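Peer 1: Could you have a look at this structure, given as structure tokens, before my questions?
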Amino acid sequence: MSAVGTREVAAGEVRRPAHARRGPGNAALRIGAVALAVVAWELGTGGVGYRPLPPALLPSPGETWQSLVQYARSGLLAVDVSRTLTQAFLGLGLGMVAGTLLGVALAYAPRVGDALEPLLAALNSLPRVAVAPLLIIWFGLGITSKVLLAFFTVVFVIFMNTYAGVRSVDPDLVRAVQVLGGGAGHVARWVVFPWVAGWVFAALRTSVSLALAATVTGEFVGSTQGLGYRMVLATGVLDTPRVFAILLVLMTVGYLVVEGARRVEGYLLRWRPEAAIS
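Using this note's numbering, you'd call the opening residue of the sequence shown number 15 and step up by one each time.
See the structure below:
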């Protein structure tokens with residue numbers, strides 16, 4: 015094989031899709047890291063006969079697992095997970111739509127964008143926890159207040175990315191479409207939308223986790239169902255194993271949701287050259 019051929023093969027190996035590089039070895043490392051964390055947890059909670067902290071402060075993995083099984087068998091786990099995810103995804107969807115539309119509109123109307131910038135910056139600076147009580151006063155303990163809190167958390171992230179994406183569209187691409195006889199609709203379809211899609215989906219993974227966190231925060235403040243609500247109840251009676259069990263559920267759900275968002279992004283934006291080497 016020639017030197018040129020060798021270089022081509024090497025380049026091809028470097029440019030393998032990201033999913034091709036995540037093989038069994040990587041999965042084994044991740045499983046091993048989780049196993050080590052569980053072993054360390056067990057050793058720190060009396061696994062070697064010495065328990066530095068009482069169960070009320072730090073339950074063992076076995077105690078946490080037993081509480082999780084009881085939670086699942088009661089039927090409340092499925093109900094709470096469904097309620098929390100429903101609220102988070104509704105807020106995420108509404109936030110993505112509103113943030114994208116607002117970002118595109120203000121990017122094409124820079125004077126309006128400049129006029130609204132102080133107001134938007136002030137709203138975005140509000141701590142989401144501070145907004146939760148007000149939303150519950152206005153909309154009650156039901157699903158609406160949590161959806162709006164997730165929406166309020168996500169919409170600014172999507173808006174800022176969309177706005178920056180539209181403003182950064184390559185003018186050479188726009189001129190190229192116009193030279194070929196394309197109008198504003200063609201520019202939007204073939205240049206602006208594909209360009210902005212990358213910016214929007216870049217914020218998707220962050221927005222998913224933020225929507226979930228905002229929903230749980232709202233459930234902490236006031237709710238009748240959901241993982242956050244159930245954690246507040248467990249904390250009130252010092253049921254630490256149940257608190258840890260819910261934390262594990264939240265970690266698992268959060269990981270799966272973010273991983274799902276990553277896969278959706280990779281599938282929808284698979285046409286991007288950089289997607290092949292990310």
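By construction, the Cβ of each residue, glycine as well, lies at the ideal position given by its N, Cα and C atoms.
No experiment lies behind these values; they were computed from the predicted model shown.
Does DSSP classify Asp-6 as helix, strand or coil?
Peer 2: Because the chain is modelled from 15 through 292, residue 6 falls outside the range shown and cannot be assessed.
Peer 1: Would you call the CB atoms of Val-214 and Gly-179 closer than 8 Å?
Peer 2: Cβ distance < 8 Å, so Val-214 and Gly-179 count as in contact.
Peer 1: Going by the C-beta, is Ala-129 closer than 7 Å to any heavy atom of the ligand HEM?
Peer 2: The model depicted lacks the ligand HEM and carries no ligand whatsoever.
Peer 1: Rank Val-235, Leu-262 and Ala-259 by C-alpha distance to the C-alpha of Leu-148 and give the top, closest one.
Peer 2: When only C-alpha atoms are compared, the closest one is Val-235.
Peer 1: Which value, in whole angstroms, describes the spacing of the CA atoms of Ser-292 and Ala-86?
Peer 2: Its pLDDT being 42, under 50, Ser-292 is placed unreliably in this model, and the coordinates cannot settle the point.
Peer 1: What residue from Gly-60, Pro-75, Ala-70 and Gly-63 has the CA that sits closest to Ala-49's CA?
Peer 2: Comparing Cα-Cα distances from Ala-49 to each of Gly-60, Pro-75, Ala-70 and Gly-63, the minimum goes to Pro-75.
Peer 1: Apart from the five residues on each side of it in sequence, which residues of its chain come closer than 8 Å, Cβ to Cβ, to Pro-66?
Peer 2: These residues qualify, in order along the chain: Gly-58.
Peer 1: Should Pro-69 be labelled buried (16 or more other beta-carbon atoms within 10 Å of its own) or exposed?
Peer 2: Label assigned to Pro-69: exposed.
Peer 1: With 16 other CB atoms within 10 Å as the buried threshold, where does Ala-32 fall?
Peer 2: Legend: pLDDT at Ala-32 = 49, less than 50; position of this residue unreliable, no value from coordinates given.
Peer 1: On the three-pair Cβ rule with 8 Å, is the stretch 160-167 touching the stretch 103-112?
Peer 2: Yes: the two stretches touch, three or more of their Cβ pairs being nearer than 8 Å.
Peer 1: Glu-273: buried (16+ other C-beta within 10 angstroms of its C-beta) or exposed?
Peer 2: It is exposed - the Cβ of Glu-273 has fewer than 16 other Cβ atoms within 10 Å.
Peer 1: How many Å lie between Arg-284 and Gln-101 at the Cα?
Peer 2: Computed Cα separation, rounded: 29 Å.
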